[in-house]
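Undergrad:
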Amino acid sequence: MAERKIRGILAAAGRVRLVSPAVTPSLTTLADYQAIEWWCKPYSRPDLDGAFLVFAATDNAEVQQAVHRDAQAAGLLVNVADNPGWCDFQIPATIRRGDLSISVATGGKSPAVAAMVKRRLDQLVGEEYGWLTALAALLREQILAEGLDSERMRMLFQQLLHDDIVDWLRDRRWCAIRQHVEQILGRPVHFDPESLIKENP
Numbered sequence: 000m001a002e003r004k005i006r007g008i009l010a011a012a013g014r015v016r017l018v019s020p021a022v023t024p025s026l027t028t029l030a031d032y033q034a035i036e037w038w039c040k041p042y043s044r045p046d047l048d049g050a051f052l053v054f055a056a057t058d059n060a061e062v063q064q065a066v067h068r069d070a071q072a073a074g075l076l077v078n079v080a081d082n083p084g085w086c087d088f089q090i091p092a093t094i095r096r097g098d099l100s101i102s103v104a105t106g107g108k109s110p111a112v113a114a115m116v117k118r119r120l121d122q123l124v125g126e127e128y129g130w131l132t133a134l135a136a137l138l139r140e141q142i143l144a145e146g147l148d149s150e151r152m153r154m155l156f157q158q159l160l161h162d163d164i165v166d167w168l169r170d171r172r173w174c175a176i177r178q179h180v181e182q183i184l185g186r187p188v189h190f191d192p193e194s195l196i197k198e199n200p
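So the sequence shown is numbered by numbering that gives the first Met the number 0: it starts at 0 and just counts up by one.
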């Protein structure tokens with residue numbers, strides 16, 4: 000559980016201080032590469048100094064309670080695993096495809112349900128949605144430069160984001176995409192398909 004939360008924080012460009020006498024092999028690797036800061040020791044109150052968010056994700060009820068109590072006393076936001084009543088915030092299950100993020104939350108009532116829904120969405124929402132987000136951002140930048148009013152822009156994007164474009168992206172049918180976009184915009188467009196793929200894995 001701690002490993003999953005840490006990977007989520009890292010994916011959001013957060014910095015992590017992990018306090019635990021023992022960690023998983025994957026977390027050891029992250030510490031070795033200095034992706035996280037690991038304090039190999041039991042928890043104590045000073046470990047919260049300088050923290051912005053606090054996560055208690057242990058299998059020890061006394062430690063969970065101590066972290067919650069100390070975080071509350073210090074005025075820090077805290078999330079206590081398997082105890083929604085002690086959580087100041089919840090972390091949704093999130094799928095990331097490039098700059099596109101899809102989050103699923105149950106208000107702390109059932110992380111298992113959130114995880115199940117995330118697994119199903121993971122199968123439905125492929126990498127092509129990240130490419131679509133990157134392409135739409137590129138086209139938006141070009142359209143904004145033309146100084147069109149917001150209503151005209153809205154109509155253009157409704158036409159550009161045709162249902163078939165997701166299938167074309169999945170099949171890497173770049174010619175079909177380019178033809179569709181140029182037909183809607185009424186002019187040639189410039190984008191590098193390989194860049195879309197490389198920059199939005």
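Even for Gly, the Cβ is constructed at its ideal location relative to N, Cα and C. From a predicted model like this one, the values you see are computed outputs, not experimental measurements.
Let's test the definition: count the other Cβ atoms within 10 Å of the Cβ of Y42 and tell me whether it reaches 16, buried, or not, exposed.
TA: Flag for Y42 reads buried.
Undergrad: Would you call the CB atoms of L9 and A34 closer than 8 Å?
TA: Yes, these two residues count as a Cβ contact at 8 Å.
Undergrad: Near S25, what residues of its chain come up, given a Cβ to Cβ distance below 8 Å and the 5 sequence neighbours on each side ignored?
TA: Contacts found: E2.
Undergrad: If D52 sits next to W37, beta carbons under 8 Å apart, how far is it from one beta carbon to the other, in whole angstroms?
TA: The sequence shown places Leu at residue 52, not Asp. About 17 Å separates the two Cβ atoms, so there is no contact after all.
Undergrad: Taking its Cβ as the centre, do 16 or more other Cβ atoms sit within 10 Å of Y32, making it buried, or is it exposed?
TA: It is exposed - the Cβ of Y32 has fewer than 16 other Cβ atoms within 10 Å.
Undergrad: At what residue ranges does the segment 54–104 contain a whole run of the alpha helix (DSSP H), taking only runs of 4 or more?
TA: Listed in chain order, they are 60–72.
Undergrad: Taking 8 Å as the cut-off, does the segment 159–179 touch the segment 120–132 (at least 3 CB pairs, one atom from each stretch)?
TA: Taking 8 Å as the limit for Cβ pairs, the verdict is that the segment 159–179 does touch the segment 120–132.
Undergrad: Would the segment 174–188 and the segment 67–87 be scored as touching if the rule is three or more Cβ pairs under 8 Å?
TA: Counting Cβ pairs under 8 Å, fewer than three are found: no touch.
Undergrad: Taking the alpha-carbon positions, what's the P192 to L138 distance?
TA: One C-alpha to the other measures close to 13 Å.
Undergrad: Are the beta-carbon atoms belonging to V204 and A111 less than 8 Å from one another?
TA: Past the edges of the chain, shown from 0 to 200, lies residue 204, and the structure says nothing about it.
Undergrad: First and last residue of the alpha helix (DSSP H) that includes V165?
TA: Residues D163 to R169.
Undergrad: In terms of alpha-carbon separation, which member of H179, D46 and I90 lies closest to T11?
TA: Inspection of the sequence shows that residue 11 is occupied by Ala rather than by Thr. Nearest C-alpha to A11: I90.
Undergrad: Count the other CB atoms within 10 Å of the CB of G97; is the residue buried (16 or more) or exposed (fewer)?
TA: Counting Cβ neighbours within 10 Å, G97 comes out buried, since at least 16 surround it.
Undergrad: Residues bridged to E127 by DSSP?
TA: Partner(s): none; E127 has no beta bridge.
Undergrad: Under a three-way DSSP split, which group does R119 fall into?
TA: Correct three-state label for R119: helix.
Undergrad: Under 8 Å between the Cβ atoms of A55 and V77?
TA: Yes.
Undergrad: Please report the distance separating the alpha-carbon of L75 from that of I5.
TA: Going by the C-alpha atoms only, they are around 18 Å apart.
Undergrad: What is the rounded straight-line gap between the Cα of V180 and the Cα of M115?
TA: Their backbone Cα atoms lie some 36 Å apart in a straight line.
Undergrad: What separation, rounded to the nearest whole angstrom, lies between the Cα atoms of C174 and A136?
TA: Roughly 19 Å between the two C-alpha positions.
Undergrad: Any idea which residues DSSP pairs W173 with across the strands?
TA: Answer is none; W173 lacks a bridge partner.
Undergrad: Where does the unbroken beta strand (DSSP E) through L17 begin, and where does it stop?
TA: Start and end: R16 to V18.
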